[in-house]
Structures are given as structure tokens and as C-alpha cells.
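Trainee: The opening residue of the sequence shown carries number 4 in this note's numbering; numbering runs sequentially from there.
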Amino acid sequence: MKLVVGLGNPGPKYRDTLHNVGFMTVDALAARHGVAFESAPADALMARVRGAGLLLVKPLTFMNRSGGAVGDLLRFFKIPVEDLIVVVDEVALPAGQLRARPSGSAGGHNGLKSIIGVLGTEQFARLRIGVGRGDPRRDLADHVLSMIPPDIRPAIDEAVVRAADAVECFARDGIEKTMQVFNASPQV
Numbered sequence: 004m005k006l007v008v009g010l011g012n013p014g015p016k017y018r019d020t021l022h023n024v025g026f027m028t029v030d031a032l033a034a035r036h037g038v039a040f041e042s043a044p045a046d047a048l049m050a051r052v053r054g055a056g057l058l059l060v061k062p063l064t065f066m067n068r069s070g071g072a073v074g075d076l077l078r079f080f081k082i083p084v085e086d087l088i089v090v091v092d093e094v095a096l097p098a099g100q101l102r103a104r105p106s107g108s109a110g111g112h113n114g115l116k117s118i119i120g121v122l123g124t125e126q127f128a129r130l131r132i133g134v135g136r137g138d139p140r141r142d143l144a145d146h147v148l149s150m151i152p153p154d155i156r157p158a159i160d161e162a163v164v165r166a167a168d169a170v171e172c173f174a175r176d177g178i179e180k181t182m183q184v185f186n187a188s189p190q191v
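Printed below as a string of C-alpha cells:
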């Protein structure tokens with residue numbers, strides 16, 4: 004079983020923000036497989052996709068405290084960290100571009116920083132979804148917490164679909180194959 008954690012902030016205020024593309028990805032996977040989220044044995048919602056061997060997770064804490072739920076669920080379900088993939092927004096990538104990695108630093112992302120802090124390792128897969136930097140005069144936190152701008156909405160929507168495909172590739176074929184297939188720039 005693969006633990007697929009989509010990072011985001013809970014609540015309707017944040018639903019369509021750039022910071023919530025991780026939530027959007029696990030929501031897309033749940034819809035694709037006809038499963039619903041329910042309470043998890045941690046501060047999170049989860050949905051099981053039995054045929055695909057996926058446990059989809061949306062932590063119910065704010066982004067910078069996501070690590071607690073991830074650690075709790077890995078322990079509860081006895082899932083090794085090698086079977087974890089975290090889906091996050093990435094300002095250093097153009098809107099719509101994906102980048103999968105087998106490990107790495109938090110790169111300034113507070114959700115990843117929280118997970119690394121709780122797990123005590125950077126050795127877990129992550130899938131970054133580019134949301135761009137936005138206006139360089141604007142604070143990055145304001146940018147990622149803003150509603151998805153109409154000019155990049157199509158790229159974000161398409162990236163969420165491709166991210167769901169990438170997660171399924173990870174579950175089926177591993178991170179190396181996922182990187183080969185999905186790290187190329189999107190065809191526009």
C-alpha cells in the first residue's frame with residue numbers, strides 16, 4: 004500500500020488556492036476511483052483505493068503542521084517511508100509543470116519541512132506541482148494563499164490530472180519511472 008499525502012490547508016477559505024493543489028490531486032484520484040474521504044486514525048481525512056493499493060490522505064492541520072498526521076498514519080498502517088509520496092505546490096516551477104523526486108530538502112515548503120521534521124528523514128518521494136512565483140513584488144505566502152488566477156487555471160487543472168496519473172505511475176512502477184514520464188515540461 005502507498006500512502007499518498009496531498010498537502011493543503013483545510014476549510015473552504017483555502018479550497019481553490021494555489022497552496023491546495025496537493026488536496027486537489029488526491030481529490031481527483033478519489034473521484035477517479037469512486038471513493039470517498041472519511042476520518043482517519045490521525046488528524047486527517049483518508050480514502051482507500053483498494054484495487055490500486057493507494058491510501059489517499061488530506062491532513063486536517065494547517066500546512067506547517069502536516070508532519071504529525073503523516074507520521075501517525077505511517078505508523079498506524081505500518082507503511083514504510085519508501086511507500087510514501089507527498090504532493091505539494093512549488094513556486095520555483097512554472098504553473099502546470101510537474102517534478103517528481105525520490106528525496107530532497109523542503110526547499111522552503113513548510114509542509115515538507117514539517118514532514119521531514121517528524122519523520123527525521125528527507126528520504127521520501129515527493130511530487131511538486133508548479134504554481135509559478137506570481138508578481139515578484141508580492142509576498143510568496145500571499146501568492147500561494149491566493150485563489151488560482153484565471154490566466155493559469157487551465158494549466159493548474161491539467162497539472163492536477165497529470166499529477167493524479169503520476170501518483171498512479173508511482174504506485175505501479177516506482178519513482179524512477181514516474182520521473183522519466185512526468186518530469187518533462189508539459190506539452191502546450
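C-beta: ideal position from N, C-alpha, C; glycine also.
All of these numbers come straight from a predicted model, not from anything done at the bench.
DSSP three-state call for residue 64: helix, strand or coil?
Mentor: The answer is coil: DSSP assigns residue 64 none of H, G, I, E or B.
Trainee: Just to confirm before moving on: does the CB-CB distance between residue 55 and residue 166 stay below 9 Å?
Mentor: In this structure, residue 166 does not lie closer than 9 Å to residue 55 by Cβ.
Trainee: Below 8 Å, can you find three or more Cβ-Cβ pairs linking the region 90-97 to the region 12-26?
Mentor: In short, these stretches touch, since the Cβ pair count reaches three.
Trainee: Could you compute how far the alpha carbon of residue 100 sits from the alpha carbon of residue 162?
Mentor: So the alpha carbons of these two residues sit roughly 7 Å apart.
Trainee: Report the partner residues of residue 5 according to the DSSP bridge assignment.
Mentor: Answer by DSSP bridge pairing, in chain order: 57.
Trainee: So residue 69 and residue 117 are supposed to be a Cβ contact under 8 Å. How far apart are they, rounded?
Mentor: With a Cβ gap of about 5 Å, residue 69 and residue 117 count as contacting.
Trainee: What do you get for residue 164, buried or exposed, if any count of 16 or more other CB atoms within 10 angstroms of its CB means buried?
Mentor: Residue 164 comes out exposed.
Trainee: Candidates 125, 77, 120, 65: which alpha carbon is nearest residue 16's?
Mentor: Of 125, 77, 120, 65, the residue nearest in Cα terms is 65.
Trainee: How would you write the range of the alpha helix (DSSP H) that residue 178 sits in, first residue to last?
Mentor: 178-185 is the span of the alpha helix (DSSP H), which, as asked, contains residue 178.
Trainee: According to DSSP, what are the bridge partners of residue 27?
Mentor: For residue 27, which the question treats as bridged, DSSP gives no partner whatsoever.
Trainee: Run through the DSSP bridge pairs and tell me what residue 88 is partnered with.
Mentor: BP columns for residue 88 point to 7, 128.
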